[in-house]
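*Asks:* As numbered in the numbering used here, residues 8 to 186 make up the sequence shown, in order.
Ideal Cβ positions, reconstructed from N, Cα and C, are used throughout, including at glycine.
In this text, all values refer to a predicted model and were calculated from it rather than measured experimentally.
One structure is given below, represented as structure tokens, and several questions about it will come after.
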Amino acid sequence: MSSQNLLKKPSDGGMDDNGITTHKWKVSLFGCLDTLVPNSTSMQYLPTTSPYLSLALMTVIFPCVSVAQIAARVGFVNYLTALIVTFVAYILFLVAIGVHTTALDVIAALVGIVSFGYLWYMRTKVRFLFHIPGSIVEDGCVVLFCGWCSIAQIATHVESYTPNECAFDAKATLPGYIV
Numbered sequence: 008m009s010s011q012n013l014l015k016k017p018s019d020g021g022m023d024d025n026g027i028t029t030h031k032w033k034v035s036l037f038g039c040l041d042t043l044v045p046n047s048t049s050m051q052y053l054p055t056t057s058p059y060l061s062l063a064l065m066t067v068i069f070p071c072v073s074v075a076q077i078a079a080r081v082g083f084v085n086y087l088t089a090l091i092v093t094f095v096a097y098i099l100f101l102v103a104i105g106v107h108t109t110a111l112d113v114i115a116a117l118v119g120i121v122s123f124g125y126l127w128y129m130r131t132k133v134r135f136l137f138h139i140p141g142s143i144v145e146d147g148c149v150v151l152f153c154g155w156c157s158i159a160q161i162a163t164h165v166e167s168y169t170p171n172e173c174a175f176d177a178k179a180t181l182p183g184y185i186v
């Protein structure tokens, strides 16, 4: 990618050229719990207007989709690759915790550790790219103790989904940043 296609990060607060909030998280860690509505077309029938809980539901029910959308949005990897890898890891983990054998328990532990490490890396990288205050230790604790909320917060911040729309595809990758 040539340097002319890269955006300079703003040094002050506000938004970057892509309309992404900088220097703070767009929503709080538990912002996904504000309402009880999924991002779906049936939203007009439910008595609330916030799309964040639906994202939380997406991260709980289909975490592989949310993680793949984030990874594609910030350019870590293309959507299909991220979706396949996270889906296989998710299914492998579910099978491993459901069938109790030593080998599968080891596999479940390894998949869990690798997933934790990747989410920790993603959160730290997004925080770094958008100059959000915090630390690597804080990122690790957030991912460890509230991984689903962390995924929802990152997805909302990078706008990897369209509010009030149930979509399993990825949004366009953000242009690169000079880091």
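1) Here's the rule I'm using: 16 or more other beta-carbon atoms within 10 Å means buried, otherwise exposed. How should Asp146 be labelled?
2) For Phe137 versus Ile27, is the C-beta distance shorter than 9 Å?
3) May I ask whether a heavy atom of the ligand HEM can be found less than 8 Å away from the beta carbon of Glu172?
4) Spatial neighbours of Ile104 within its chain, please: C-beta separation below 6 Å, excluding the five flanking residues on both sides.
5) Flag this pair as yes or no: are the beta carbons of Phe83 and Met129 separated by less than 9 Å?
6) Whole-angstrom Cβ separation of Ala177 and Tyr86, contact assumed at under 8 Å?
7) Please report the Cβ distance between Ile161 and His30, rounded to the nearest whole angstrom; I am assuming they are in contact, meaning their Cβ atoms lie under 8 Å.
8) Is the separation between the beta-carbon of Leu64 and that of Val149 shorter than 9 Å?
9) To the nearest angstrom, report how far apart Met50 and Glu172 are at their CA atoms.
10) By DSSP, does Gly21 sit in helix, in strand, or in coil?
11) Pick helix, strand or coil for Thr131, following the three-state DSSP scheme.
12) Can you give me the C-alpha to C-alpha distance between Val113 and Trp155, rounded to a whole angstrom?
13) Run through DSSP, which three-state label would Thr29 get?
14) Under the three-state reduction of DSSP, which class applies to Val81: helix, strand or coil?
15) Rounded to whole angstroms, what is the Cα-Cα separation between Pro170 and Ala79?
16) Tell me the residue span of the alpha helix (DSSP H) that contains Thr180.
*Replies:* Quick answer:
1) One-based indexing of the sequence shown puts residue 146 at position 139. With 16 or more Cβ atoms within 10 Å of its Cβ, Asp146 is classed as buried.
2) The residue given as residue 137 occupies position 130 in the sequence shown. The residue given as residue 27 occupies position 20 in the sequence shown. In this structure, Ile27 lies closer than 9 Å to Phe137 by Cβ.
3) In the structure shown, the ligand HEM is absent, as is every other ligand, since no ligand is present at all.
4) In the sequence shown, the residue the question calls residue 104 occupies position 97. Taken in chain order, the residues that qualify are Ala115.
5) As a working note, residue 83 is residue 76 in the sequence shown. As a working note, residue 129 is residue 122 in the sequence shown. Result yes, Cβ atoms of Phe83 and Met129 sit closer than 9 Å.
6) On the sequence shown, residue 177 is found 170 positions in, with the first residue counted as 1. On the sequence shown, residue 86 is found 79 positions in, with the first residue counted as 1. Right, their Cβ atoms sit about 4 Å apart.
7) What you label residue 161 is simply residue 154 of the sequence shown in a count that begins at 1. What you label residue 30 is simply residue 23 of the sequence shown in a count that begins at 1. About 16 Å separates the two Cβ atoms, so there is no contact after all.
8) If you number the sequence shown from 1, residue 64 lands on position 57. If you number the sequence shown from 1, residue 149 lands on position 142. No, Cβ-Cβ distance for Leu64 and Val149 is not below 9 Å.
9) Here residue 50 corresponds to residue number 43 of the sequence shown, with the count starting at 1. Here residue 172 corresponds to residue number 165 of the sequence shown, with the count starting at 1. Confidence is the limiting factor: at Met50 the pLDDT is only 40, short of 50, which leaves the residue's position unreliable, though a coordinate-based value still follows. Distance from the CA atom of Met50 to the CA atom of Glu172, rounded to whole angstroms, is 9 Å.
10) The residue given as residue 21 occupies position 14 in the sequence shown. Gly21 carries a strand assignment under DSSP once its states are collapsed to helix, strand and coil.
11) Translated into the one-based positions of the sequence shown, residue 131 becomes position 124. DSSP places Thr131 in helix when its eight states are reduced to three.
12) Here the question's residue 113 lines up with position 106 in the sequence shown. Here the question's residue 155 lines up with position 148 in the sequence shown. Approximately 23 Å, taken between the alpha carbons.
13) Residue mapping note: residue 29 aligns to position 22 of the sequence shown, counting from 1. Thr29: strand per DSSP, three-state reduction.
14) Locating residue 81 in the sequence shown gives position 74, counting from the first residue. Coil, per DSSP.
15) The residue given as residue 170 occupies position 163 in the sequence shown. The residue given as residue 79 occupies position 72 in the sequence shown. Looking at the two C-alpha atoms, the distance is approximately 17 Å.
16) Mapped onto the sequence shown, residue 180 falls at position 173. Taken as a continuous stretch (DSSP letters only), Thr180 belongs to no alpha helix (DSSP H), as it is neither H nor E.
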